[in-house]
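Trainee: Submitted below is the structure of interest, expressed as structure tokens.
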Amino acid sequence: MHKPYSIQVELVSGCTRQCEYCGLQAIWKTGDERKFMDIHTVDAISKSCGEFLDKARVEFAMFGEPTLHPELCDALLLFRGNFPKCQTMVNTNGDLVAGKTFQADRIAQYFECGLNLLAINVYDSDEKYARLLAEAKAAAIPGVVVGEYTTGMNYYTYKSPTVKEIIFVQSIALHNGARNTRRIWNHGGNVPAEIIEKYGGRTDNLPLPNMCVNPFREIAFRYDGTANICCMDVKGEYPIGNIADSSVEELWYSENMQLARRALLGKDRNFAPCSGCNSPGGFRRALENKWFDEKSKGEK
Numbered sequence: 045m046h047k048p049y050s051i052q053v054e055l056v057s058g059c060t061r062q063c064e065y066c067g068l069q070a071i072w073k074t075g076d077e078r079k080f081m082d083i084h085t086v087d088a089i090s091k092s093c094g095e096f097l098d099k100a101r102v103e104f105a106m107f108g109e110p111t112l113h114p115e116l117c118d119a120l121l122l123f124r125g126n127f128p129k130c131q132t133m134v135n136t137n138g139d140l141v142a143g144k145t146f147q148a149d150r151i152a153q154y155f156e157c158g159l160n161l162l163a164i165n166v167y168d169s170d171e172k173y174a175r176l177l178a179e180a181k182a183a184a185i186p187g188v189v190v191g192e193y194t195t196g197m198n199y200y201t202y203k204s205p206t207v208k209e210i211i212f213v214q215s216i217a218l219h220n221g222a223r224n225t226r227r228i229w230n231h232g233g234n235v236p237a238e239i240i241e242k243y244g245g246r247t248d249n250l251p252l253p254n255m256c257v258n259p260f261r262e263i264a265f266r267y268d269g270t271a272n273i274c275c276m277d278v279k280g281e282y283p284i285g286n287i288a289d290s291s292v293e294e295l296w297y298s299e300n301m302q303l304a305r306r307a308l309l310g311k312d313r314n315f316a317p318c319s320g321c322n323s324p325g326g327f328r329r330a331l332e333n334k335w336f337d338e339k340s341k342g343e344k
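Residues in the sequence shown are numbered consecutively from 45, following my numbering.
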């Protein structure tokens, strides 16, 4: 039974935008209902990760814009101090760091606080994308490499806790499906079918008869410290527990997670949120077939 490769942390519930294809629409409507993860919760998650894991990717995103958090730098510092071998990533829509122009000083501060990867999703035009990319390269932040996701950079793979990269990502709305890892899914059935179909996706044949790897490879924390089955669980329909009551290790091997994994290994998605989810389940799914083997339990 291996440990998680990815820790998803929702520093903020709420966003600067209301994209019609985002699952956030299911829980956040007015534009003012922003909720922030308490810095003590960040401390608890990072400490528990450091005690349990040798290394892992830590991604700040989920259902909110992480750069809205007033203590983002403190959160980065806590993860760097409590979990030295983590690789931190901020996945942003860029509104606060590259809205009109590239904010080099603000971004440089994030890297000084322990950030490894900054993924800037330019949800506007390709022209704006090209301009911001050029501005970032011209800014030449010391020690920081600037690149494009479309040229081979893969931020879903652990590299190093010392890497410093800015990765520009073209609008998923304009380029949905251009890469397998850049697709619009319905976030556990929380995006209306007509919207998914508008962008070329499918919502028929649900629940899908597919195994899914998410609960085998990531643990996802909402803003209040609750761990859900995965990063697609917008409404918290399958909660695992809370970091206030359990360690990351206890949550990872909890009965609720094991029940979900056993069902998914059998290609059974007849439970929320999986029953309404149109995500095919990730890559190399057969790797998890031996999860419950007695022999593999010694690897826990």
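Ideal Cβ positions, reconstructed from N, Cα and C, are used throughout, including at glycine.
These numbers were taken from a predicted model, which means no experiment stands behind them.
Count the other CB atoms within 10 Å of the CB of Gly-221; is the residue buried (16 or more) or exposed (fewer)?
Mentor: Here residue 221 is taken as the residue at index 177 of the sequence shown, counted from 1. By the 10 Å Cβ count, Gly-221 comes out exposed.
Trainee: Quick check on the burial criterion: 16 or more other C-beta atoms within 10 angstroms. Buried or exposed for Asn-230?
Mentor: For this step, residue 230 is matched to residue 186 along the sequence shown. Per the 10 Å Cβ criterion, buried.
Trainee: Taking the beta carbon of Gln-62 as the centre, do at least 16 other beta carbons fall within 10 Å, making it buried, or is it exposed?
Mentor: Numbered from its first residue, the sequence shown carries residue 62 at position 18. It is exposed - the Cβ of Gln-62 has fewer than 16 other Cβ atoms within 10 Å.
Trainee: For the putative contact between Glu-171 and Phe-146, defined by C-beta atoms under 8 Å, what is the C-beta separation to the nearest angstrom?
Mentor: The sequence position of residue 171 within the sequence shown is 127, counting from 1. The sequence position of residue 146 within the sequence shown is 102, counting from 1. 15 Å between Cβ atoms; not a contact.
Trainee: Determine, using beta carbons only, whether Phe-123 and Cys-130 come nearer to each other than 8 Å.
Mentor: Start at 1 with the first residue of the sequence shown, and residue 123 comes out as number 79. Start at 1 with the first residue of the sequence shown, and residue 130 comes out as number 86. The answer is yes: Cβ separation under 8 Å.
Trainee: Out of Val-86, Gly-187, Ile-151, which one is the CA nearest neighbour of Asn-135?
Mentor: Residue 135 sits at position 91 when you count from the first residue of the sequence shown. Nearest of Val-86, Gly-187, Ile-151 to Asn-135, Cα basis: Ile-151.
Trainee: Compute the distance between the beta-carbons of Asn-322 and Lys-279, then report whether it is under 8 Å.
Mentor: Along the sequence shown, read from residue 1 onward, the residue named residue 322 stands at position 278. Along the sequence shown, read from residue 1 onward, the residue named residue 279 stands at position 235. No.
Trainee: Quick test of the definition: if touching needs 3 or more C-beta pairs under 8 Å, does the region 105-115 touch the region 48-64?
Mentor: In short, these stretches touch, since the Cβ pair count reaches three.
Trainee: Taking buried to mean at least 16 other C-beta atoms within 10 Å of its own C-beta, is Phe-104 buried or exposed?
Mentor: In the sequence shown, residue 104 corresponds to position 60, counting from 1. When all chains shown are included, Phe-104 counts as buried.
Trainee: Quick one: what's got a C-beta closer than 6 Å to Ser-92's C-beta in the same chain, skipping five residues either side?
Mentor: Here residue 92 corresponds to residue number 48 of the sequence shown, with the count starting at 1. Once the five neighbours on either side are set aside, the close Cβ partners of Ser-92 are Ser-291, Val-292.
Trainee: Could you compute how far the alpha carbon of Ile-284 sits from the alpha carbon of Asp-149?
Mentor: As a position in the sequence shown, residue 284 is number 240, starting the count at 1. As a position in the sequence shown, residue 149 is number 105, starting the count at 1. Going by the C-alpha atoms only, they are around 39 Å apart.
Trainee: Would you mind working out which of Met-45, Lys-208, Ile-71 sits nearest Gly-232, comparing C-alpha positions?
Mentor: Position 188 of the sequence shown, counted from the first residue, corresponds to residue 232. Nearest option by C-alpha distance: Ile-71.
Trainee: If you run the structure through DSSP and keep just helix, strand and coil, what is Ser-57?
Mentor: Here residue 57 corresponds to residue number 13 of the sequence shown, with the count starting at 1. Three-state result, Ser-57: strand.
Trainee: Would the beta-carbon of Gly-191 fall within 8 Å of that of Lys-208?
Mentor: As a first step, residue 191 is located in the sequence shown; it is residue number 147 there, counting from the start. As a first step, residue 208 is located in the sequence shown; it is residue number 164 there, counting from the start. No; because the gap between Cβ atoms is not below 8 Å, this pair is not in contact.
Trainee: Any idea which residues DSSP pairs Asn-272 with across the strands?
Mentor: Here residue 272 refers to the residue found at position 228 of the sequence shown. Ala-264, Pro-283, per the DSSP bridge assignment.
Trainee: Please state whether DSSP places Arg-124 in a helix, a strand or coil.
Mentor: Here residue 124 refers to the residue found at position 80 of the sequence shown. Arg-124 falls in the helix class under three-state DSSP.
Trainee: What three-state label does DSSP hand Glu-343 in the structure shown?
Mentor: Indexing the sequence shown from 1 puts residue 343 at position 299. Because the pLDDT of Glu-343 is 45, which lies under 50, any placement of that residue in the model is unreliable, and the number read from its coordinates should be weighed accordingly. Looking at Glu-343 - three-state DSSP - the assignment turns out to be helix.
Trainee: Please list the terminal residues of the continuous alpha helix (DSSP H) segment that includes Glu-238.
Mentor: Residue 238 sits at position 194 when you count from the first residue of the sequence shown. Per DSSP, Glu-238 belongs to the alpha helix (DSSP H) from 237-242.
Trainee: Nearest CA to the CA of Arg-78: which residue from Thr-247, Tyr-65, Tyr-267, Glu-241?
Mentor: For the purposes of this step, residue 78 is taken as the residue at position 34 of the sequence shown. The shortest Cα separation from Arg-78 among Thr-247, Tyr-65, Tyr-267, Glu-241 belongs to Tyr-267.
Trainee: Can you say whether Pro-128 is buried or exposed, counting buried as having 16 or more other CB atoms within 10 angstroms of its CB?
Mentor: Working through the sequence shown from its first residue, we reach residue 128 at position 84. With fewer than 16 other Cβ atoms within 10 Å, it is exposed.
Trainee: State buried or exposed for Ser-90, treating a residue as buried only when at least 16 other CB atoms are found within 10 Å of its CB.
Mentor: Within the sequence shown, numbered from 1, the residue matching residue 90 stands at position 46. Burial call: buried.
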